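For what it's worth, this note's numbering labels the leading residue of the sequence shown as 1, then goes sequentially. Following: one structure in structure tokens, then a few remarks.
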Amino acid sequence: MSLLHLLRTSNLLLQSTLALSLYALLSLLHIPVLFLHALHTYIHPDDVPAAPTSANGVRAAIRRPGSDPDPKPRKRSKPSFEFDENKAQIFRLKLTHAHLQSRLYFNQFNAAFSSTAIALSSLLLHRFLPKSESSGIISNGAIIPVLLGFATVCRLLVFITRVSFERSASKRSEKQLSVLLGFLGFVLGLMIVLEIVPNFVIGFGFGFLDGFGKFLVAGLMGGTAGLLFMPAGRNARSFWLGTDQIRCNLPIIHCGWFARMLLYANQLLVMFTSLLWIGPFANILVNMNADNRKGANLIGDVDQLVGNVGMSKSDFDKFRVWCLLASGLLQIITLRSNLQMYLNEAVLSWYQRLHSSKVPDLEYSRAKVFLHNHYLCLVVLQFFGPPALVLLFLGLSQVDALELVLHLVLSQECWACKDTLSLYPIDEFQFWGKLHLPMW
């Protein structure tokens, strides 16, 4: 028995061993905590009591020798407000394991980080393991990355939904805007699936779905847009502070030059990757005549350059995949910078309140600092969830066995409904032979 055959038959064992080993390693070494270790947070100290007074509340006074012990009563002046410097203090400290464990949604972040790392590692291992078309998805080990990927996607969606409905984590106006954006996303999605928007703009259609399927897809579009509004808003505010767009000139607020470059690169790459699925922009980069080498003499005609210059369709598809991968990874890399800017936002509020008037009211900044510390892990989930979903969907799209699962679901629906058997005008044996991927 050759070594290659042993590797092919042991894919399931390798996938299981990797998943269990990573789970034990992440739990023992506290990798999710190390990912956030040494970030700076801020706290207000407790109020320092004023100077001690006598039992009857009268302060001791010093009189000159020979002065009248019973001075004449004087007119009382208006009480002057004195600024208490003790309430204006703010302390900076580094986050440790003990600090993070006491934060709300810490267990959810720990579970999301660990499950995402395990699922992505399993998908990456499946990408490079030798596979045989004669063996099924269980022998190939493809069943493990597919199940882990779908389970992690569902878990992340549940966590993002929970934190979006947290009562005190965001303003009421943000929640209202989220609902409004979800409704607008549903309307736009309905226009896309009903092909009101031309196909040349989006680049793909939903003609194979029935009425209920189109309505369901539009609902998913609207729900996703509504849920991701608040993470996108936090990301925008972190970018605004990290790149010092408000010109506050406070080194403690904005990032250093390297982190600032990463923030700029992240925003530009996200926008560029999104444009790759817009038809008019994608047509500029794709050469439709790359195979027959036509269009070489059309360089002088500017109107005919679109579709005649650029990369081939297959290379463009690979380019989009690499852009998605780079975008997801770069968002994970800049997560610490975004989270630090979220914590620095409380410091900026404290600084603005401190210099707003001669007698500043620091209760608002004290509450803001407390809430930013209390909902730290909630914000981490909002920063971590979207790029993790991008990487998971990208990894699942590269699994060949996922096509078999989708065909199985569709075939079960077709076999249950006799009217739709025309979608697969082949018998059961021809169906399995056409897929080239048997179940076992």
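Here a beta-carbon is modelled for each residue, glycine too, at the ideal position from N, C-alpha and C. For clarity, every value in this text was computed on a predicted model and none was experimentally measured.
- Under the three-state reduction of DSSP, THR334 is assigned to coil, being neither helix nor strand.
- Sorting ALA259, THR243, PHE128 by C-alpha distance to the C-alpha of ASN140 places PHE128 at the top.
- Per DSSP, the unbroken beta strand (DSSP E) holding HIS40 starts and ends at 40–43.
- A distance of 7 Å or more separates the beta carbons of LEU376 and ARG172.
- Nearest to HIS372 by C-alpha distance, out of VAL390, PRO386, LEU343, LEU392, is LEU343.
- Here DSSP, grouped into helix, strand and coil, assigns LEU104 to coil.
- Remark: C-beta atoms of LEU123 and GLY395 approach each other more closely than 7 Å.
- Leaving aside the five residues that flank THR161 on each side, the residues in its chain whose CB is nearer than 7 Å to its CB run, in chain order, LEU227.
- DSSP places ARG155 within a helical segment (H, G or I) once states are collapsed to three.
- Between GLY222 and PHE165 a beta carbon distance of about 16 Å is seen, past the 8 Å cut, so the two are scored as non-contacting.
- In the displayed model, LYS171 falls within coil according to three-state DSSP, outside both helix and strand.
- Contact between SER337 and GLY242 holds, with the beta-carbon distance rounding to 6 Å and staying under 8 Å.
- Secondary structure note for PHE229: its alpha helix (DSSP H) is the uninterrupted segment 229–242.
- Per DSSP, reduced to three states, the secondary structure at PHE208 is coil, with no helix or strand assignment.
- As computed with DSSP, MET261 is found in no beta bridge at all.
- A direct Cα-to-Cα measurement between PRO231 and PHE383 gives close to 6 Å.
- Counting the other CB atoms within 10 Å of its CB gives TYR264 a total below 16, which places it among the exposed residues.
- Inter-residue distance for VAL197 and PHE281 is about 16 Å (C-alpha atoms, whole angstroms).
- In this structure the stretch 208–224 does not lie against the stretch 249–259, because fewer than three pairs of beta carbons, one per stretch, are closer than 8 Å.
- C-alpha of PHE370 to C-alpha of THR273: approximately 37 Å in a straight line.
- ASN287 is the residue among HIS40, ASP317, ASN287, PHE183 whose C-alpha sits nearest the C-alpha of GLY310.
- With 16 or more other Cβ atoms inside 10 Å of its own Cβ, HIS126 counts as buried.
- Here LEU156 is not near ALA117, since their CB atoms are 7 Å or more apart.
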